[in-house]
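Notes follow once the structure below has been shown.
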Amino acid sequence: MLQIESRQFAKERGLFACIQCGKCTGGCPMAMKTKLNPRALIYRVLIAGNGFNLEGREELWDCTTCSTCYSRCPKQVNPMEAIVAMRSAIVEKGRIHPNVKMALESTFRNGNPLKMPRSDRDLWAKDLQVKALADAGAEYLYYVGCTPSYDPRGQKVARALVQVLGSAGVDFGILGNDENCCASEVRRLGEAGLFEAIVEENTEMFKELGVEKMFTISPHCFNVFKNDYRSIEAGAKSGVQVQHYTQVLAGLVKDGRLKFNGSFEKKVTYHDPCYLGKHNGIFDEPRDVLANIPGLDLIEMDRSREKSLCCEGGGGRMFLEGTNPGTRLAQMRVKEALDTGAEILATACPFCLLTLDEAVKHLNVEDKLRVLDIAEIAAQAL
Amino acid sequence: MTLQQTQGKPFTPRIGVYICHCGINIAATVDITAVTNYASHLHGVVVARSYTYMCSDPGQALIKNDIAGHNLNRIVVASCSPRMHEPTFRAAIAEAGLNPYCLEMANIREQCSWVHPQGMATTKKAIQLVSAAVAKAARLEPLQTRQVSITPTAVVIGGGIAGMQSALDLAEAGFQATIVERAAQPGGHAAQFYRTFPTLEPAGALVHELVERVNHHPRVNLMTEAEVADVSGYVGNFRVKVKHNEETTDVPAGAIIVATGFEIFDPHLKPELGYGRYPQVVTTLDFEQTLNQQSAINNPKSVVFIQCVGSRDQAVGCGGDKSQARPYCSRVCCMVTAKQARLTCEKFPNANVTVFYMDVRAFGKGFEEFYDQAREDGVIYRRGNPSEIIKRGDRVVVRAEDTLLGEQVEIEADLVVLAVGMTPRADSETVAQLLKLSRSGDGFFMEAHPKLRPVDTSMAGVFLAGCCQAPKDIADSISQARAAASAAMIPLMRGQVQVDAATSFIDEELCSGCGQCADCCNFSALSLHPVRGKMTVNAVLCQGCGACATACPSKAIKVHQFTFEQIMAQMDALTDWYGIPLAVEMVEAV
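Chains as they are written, first to last, in the working numbering: chain A, 1 to 382; chain H, 383 to 972.
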């Protein structure tokens, strides 16, 4: 039996505030295609007496943690966090999907969920002469993250960003092979113990290095550092300013430090990553960067900003197929992008980049639409 | 014990203590016999009695008889809050020949029996509260209330239906009433409505009738495109500065009625609903005007209504922005929706009309029947609060969960009507500061008491009417407007207004005229005497709150009924509790 003490569970997570309006489920991208129903789930927890059985609730692993449910809730209930907590209860009992187990074990051993060796983490930067923060010190820590460090598609973004920041004269350094996973996905997969351990390790490392300002490529890393590492921003002596790289670029454009001497003569539509937009309200900075690139024609999809459709890559879903792999949100999203007449689908998240790229290939529209990260577009317009 | 001197003779307090059972409200929790026994042994107490309902006629007679029979000069009543019955008991002892300010009340109901369980500790607390009241009563001084003559006119701020109705009632009763309306025309929001619920009467005719009466009434003075710039004075004698075309007029008023109305919720704050982005998405007010103008909407096949937009919502906007929270129910949207849905069915018999709701609150007279009729007319009610609206071709798609089915649904629509709630006006804070009004947590103006004084404010002579106090429909606005007019007539008809004597007063020996008291006075009651260089209290404006006494660095300000000596005596009685030899455990033996 996989029981949770539901009364305590509901109390701690404020579920009693729920009025069963259904806004969460009405907007949930996974409710479109799976059994996941956040409202009904909360209702079942509330009426369960004091024992709610998680057995057989495979749909809990469908959630992409896109935060649509929380952002729409009129009573400030957070179904997404309740789902993560239910996952924790399952993981605690050792009932883990083999893929999840592998990702977690790899994170524990190698500092990344991708089963890649620690010693290869900085290979992407070998020929780039990027400063090592530990040796030289720098204004910013450039936290690269696992996907941009190891994935060949992600590495292009990591390298493009070095080029863009370099042209603007930004003083930054990387951690190289000492960089450790941020554990955002570890937390969303419910491994609370491992998450705490990594938070402690990373916090300690940042403190030792005297990090004051940092930026990330992935909105997932950005979010976890900003909102879940309580000790970083709030607890540290000086406090660390965590930014997403699009915020840094938007600032550089505004100050006139980042200039685009080239151009990018394409129709571009921008896909808001959930962890940048819905989670953190960052809608304008990525658009500010794109709008300042000469020749670039920025057009909006109907579902943009607060309504952006999740690509299905968050919440540990990079490691899990989910209960309905036949229908993919990323493919729906690519079709929406095609409807606008855009040639480029821009985004600012390594997970979005990979899922959307795959969807473009699967739909066989590579000749019509390319998926690029904002850093790559910016680099092409320098 | 040092006690004050009265007319040169040494003053000996002769106190009667009256403990109320309040039925079982107090008696079920507090040991009344123990409290009465204890009180009878307190210093200065001549007699202590208990009774089932001290506020009843026999209860009051008990006090009055004792005042005569035992020659009592101070009275303590231990019962409910003084907000409830202080006027009752003051009147009773005045009838028996005592000064009404020789009364002190101990609140052993709201502050004791209602909030604590039955038991020794609760009884002890009641005893402490009574002891403190007795200690203060021994030091009470008789005070003289003052009568001030009043200006028999009123100013009504706002010319919507509430403001017009209040002004007309006052005028009908014989008083001059001035309406100050910001817009060029009176009528407010109601003038923009097409039909009313639950009778489907044309709203225009209803408003038109009021406007006509206002325009032609000899005692109503309507000032349009006018704004209140300043308010000074006090109940009975306000001066309202009205600005009109860069000109200011001083309007004297005995009473002021605030009827400034509301604003509709701005649905741009909920970007997921696409208002302002999709032409198919309109508000109930937009739709009302469309219906009113009889302009043709191109035969819609599907019309969707969404309730509770900007109501019952603690997290308006993305990311749970609490600053925009609208946690309250706007009370009218359910019926506005039902009305418009019915009108839609009537106008477009072939259209599918769907209403998304969380709860249908059809609480008023004839409302449930109206809602029944809406469903019989073919309106489909689906339970669920839509999450977002997206575009599909020429139509929009409402995405929601039908919570009764437990399924996500998408409804294509040619027209989506957002039932927007009511919000406080953006300039509420300015108005509040002009009139020294309080606002409740939702931002609307606060009434003096939610049940007992629903049209009064904390400022004597200032009353509330209509939606500036809380969302309400036309019928309720009119009711409140008439109530506010009646309440305003009380001082106006009396010709004189009695001013509470429990105000602050200055010891000129100690006052240095620094003015710190004036800075913290919410009622503008303190000013510097131009010749003497000392502060003076306007006893009519002063509400006796005591803020000035606390602020004064020289302890030059005291408040009648709350002097330092009186309060310290109360504190001593409370804090020296364990030092008092007569412990409660011994009481039963007494």
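From the three backbone atoms N, C-alpha and C, an ideal C-beta is built for every residue, glycine too.
The alpha helix (DSSP H) spanning residue i covers which residue range?
{"i": "H/Asp958", "result": "Unbroken run through H/Asp958: none, as it is neither H nor E."}
{"i": "A/Asn364", "result": "Taken as a continuous stretch (DSSP letters only), A/Asn364 belongs to no alpha helix (DSSP H), as it is neither H nor E."}
{"i": "A/Gly154", "result": "Pro152 to Ser167"}
{"i": "A/Lys55", "result": "This sequence places Glu at residue 55 of chain A; Lys is not what is there. No alpha helix (DSSP H) holds A/Glu55; DSSP gives it neither H nor E."}
{"i": "H/Ala933", "result": "Ala929 to Ala933"}
For residue i, collect the residues of the same chain with a Cβ closer than 7 Å to its Cβ; drop the 5 residues on either side in sequence, then sort them by chain order.
{"i": "H/Ser822", "result": "Met828"}
{"i": "H/Arg835", "result": "Glu829"}
{"i": "H/Glu486", "result": "Val458, Ala515, Lys518, Ala519 and Leu522"}
{"i": "H/Val663", "result": "Leu655, Gly656, Tyr657, Ile771, Val778, Val798 and Leu800"}
{"i": "A/Met301", "result": "Thr269, Glu336, Ala337 and Thr340"}
{"i": "A/Ala236", "result": "Here the model assigns A/Ala236 a pLDDT of 46, short of 50, so the residue's position is not dependable, and the following value carries that caveat. Same-chain partners within the cutoff: Lys207."}
{"i": "A/Gln20", "result": "Arg39 and Tyr43"}
{"i": "A/Ala234", "result": "Low confidence applies to A/Ala234: its pLDDT is 47, below 50, so where it sits in the model is not reliable, and the reading given next is rough at best. Contacts found: none."}
When you compare each of the options to residue i by their alpha carbons, which one comes out closest?
{"i": "H/Ser513", "options": "H/His599, H/Asn619, H/Pro469 and H/Tyr400", "result": "H/Tyr400"}
{"i": "H/Cys690", "options": "H/Tyr739, H/Val698, H/Thr726 and H/Ala697", "result": "H/Tyr739"}
{"i": "H/Ala951", "options": "H/Ala611, H/His911 and H/Ala517", "result": "H/Ala517"}
{"i": "H/Phe730", "options": "H/Arg764, H/Val685, H/Cys715 and H/Met717", "result": "H/Val685"}
{"i": "A/Ile377", "options": "A/Arg57, A/Thr65 and A/Arg287", "result": "A/Arg287"}
{"i": "H/Cys484", "options": "H/Thr785, H/Val610 and H/Phe471", "result": "H/Phe471"}
{"i": "A/Thr147", "options": "A/Ile83, A/Val84 and A/Trp124", "result": "A/Trp124"}
{"i": "A/Asn364", "options": "A/Val253, A/Gln129, A/Val334 and A/Ala346", "result": "A/Val334"}
{"i": "A/Glu185", "options": "A/Phe319, A/Tyr150, A/Ile42 and A/Leu252", "result": "A/Phe319"}
{"i": "H/Ser769", "options": "A/Phe9, A/Cys69, A/Glu12 and A/Tyr43", "result": "A/Cys69"}
{"i": "H/Thr505", "options": "H/Asp809, H/Pro806 and H/Ala416", "result": "H/Ala416"}
{"i": "H/Gln567", "options": "H/Ala955, H/Pro935 and H/Met546", "result": "H/Met546"}
{"i": "H/Cys924", "options": "H/Met953, H/Ala867, H/Cys899 and H/Thr630", "result": "H/Cys899"}
{"i": "H/Gln442", "options": "H/Asp796, H/Glu583, H/Ala476 and H/Pro682", "result": "H/Ala476"}
{"i": "H/Arg807", "options": "H/Gly570, H/Met841, H/Thr560 and H/Ser461", "result": "H/Gly570"}
{"i": "H/Thr672", "options": "H/Leu874, H/Arg577 and H/Cys896", "result": "H/Arg577"}
{"i": "A/Leu161", "options": "A/Pro29, A/Leu128 and A/Met102", "result": "A/Leu128"}
Can you list, in chain order, the residues of its chain with a C-beta nearer than 8 Å to that of residue i? Leave out the 5 residues immediately preceding and following it.
{"i": "H/Ala608", "result": "Val562, Glu563, Arg564, Val624, Lys625 and His626"}
{"i": "H/Pro440", "result": "Tyr433"}
{"i": "H/Ile986", "result": "The structure shown has nothing for residue 986 of chain H, since chain H only spans 383 to 972."}
{"i": "A/Ser238", "result": "At A/Ser238, the pLDDT of 48 sits below 50, so the modelled position is not reliable; the number obtained from the coordinates is stated separately. Contacts found: Glu212."}
{"i": "H/Ala473", "result": "Pro482"}
{"i": "H/Glu783", "result": "Gly766, Ser769, Glu789, Gln790 and Val791"}
{"i": "H/Ser840", "result": "Lys818, Leu819, Ser820, Met828, Ala830 and Gln925"}
Strictly by DSSP, which residues pair up with residue i?
{"i": "H/Cys402", "result": "H/Tyr433"}
{"i": "H/Lys773", "result": "H/Val778"}
{"i": "A/Thr64", "result": "Bridge partners of A/Thr64: none, in fact."}
{"i": "H/Lys623", "result": "H/Asp612 and H/Asp632"}
{"i": "H/Ser461", "result": "H/Asn489"}
{"i": "H/Pro806", "result": "H/Phe644"}
Return the chain-ordered list of same chain residues with a C-beta closer than 6 Å to the C-beta of residue i, the five sequence neighbours on each side being excluded.
{"i": "H/Lys937", "result": "none"}
{"i": "A/Lys33", "result": "Asn324 and Thr327"}
{"i": "A/Lys266", "result": "Glu343 and Ile344"}
{"i": "H/Pro395", "result": "Gly426, Arg456 and Ala520"}
{"i": "H/Gln943", "result": "Ala884"}
{"i": "H/Gly692", "result": "Phe647, Arg708, Val802 and Gly803"}
{"i": "H/His467", "result": "Cys437"}
Taking 8 Å as the threshold (beta carbon to beta carbon), is residue i in contact with chain B?
{"i": "H/Lys773", "result": "Chain labels in this structure do not include chain B; the protein chains are A and H."}
Which stretch, first to last residue, makes up the beta strand (DSSP E) that contains residue i?
{"i": "H/Thr665", "result": "Val663 to Thr665"}
{"i": "H/Thr918", "result": "Met917 to Val919"}
{"i": "A/His244", "result": "Gln241 to His244"}
{"i": "H/Ile688", "result": "Ser684 to Val691"}
{"i": "A/Asp373", "result": "Arg370 to Asp373"}
Counting pairs of Cβ atoms below 8 Å between the stretch 170 to 180 of chain A and the stretch 130 to 139 of chain A, do you hit three or more? The stretch 170 to 180 of chain A, when compared against the stretch 130 to 139 of chain A, does touch it at the 8 Å Cβ threshold.
Are the stretch 401 to 410 of chain H and the stretch 194 to 201 of chain A in contact at 8 Å, needing three or more beta carbon pairs? no
Please confirm if the stretch 852 to 860 of chain H is in contact with the stretch 534 to 541 of chain H, defined as three or more CB-CB distances below 8 Å between the two stretches. no
Does the stretch 779 to 789 of chain H come close enough to the stretch 22 to 30 of chain A that 3 or more CB-CB pairs lie under 8 Å? A contact exists between the stretch 22 to 30 of chain A and the stretch 779 to 789 of chain H.
Within the chosen definition, does the stretch 594 to 611 of chain H reach the stretch 902 to 917 of chain H through at least 3 CB pairs nearer than 8 Å? no
Is there contact between the stretch 883 to 903 of chain H and the stretch 856 to 871 of chain H, where contact requires at least three CB pairs shorter than 8 Å? With the cut-off at 8 Å, the stretch 883 to 903 of chain H and the stretch 856 to 871 of chain H do not touch.
Decide yes or no for the touch test of the stretch 102 to 112 of chain A against the stretch 152 to 170 of chain A: beta carbon pairs closer than 8 Å, at least 3 of them. no
Using 8 Å as the threshold, is the stretch 6 to 14 of chain A in touch with the stretch 46 to 61 of chain A, meaning 3 or more CB pairs across them? Under the three-pair Cβ rule at 8 Å, the stretch 6 to 14 of chain A counts as touching the stretch 46 to 61 of chain A.
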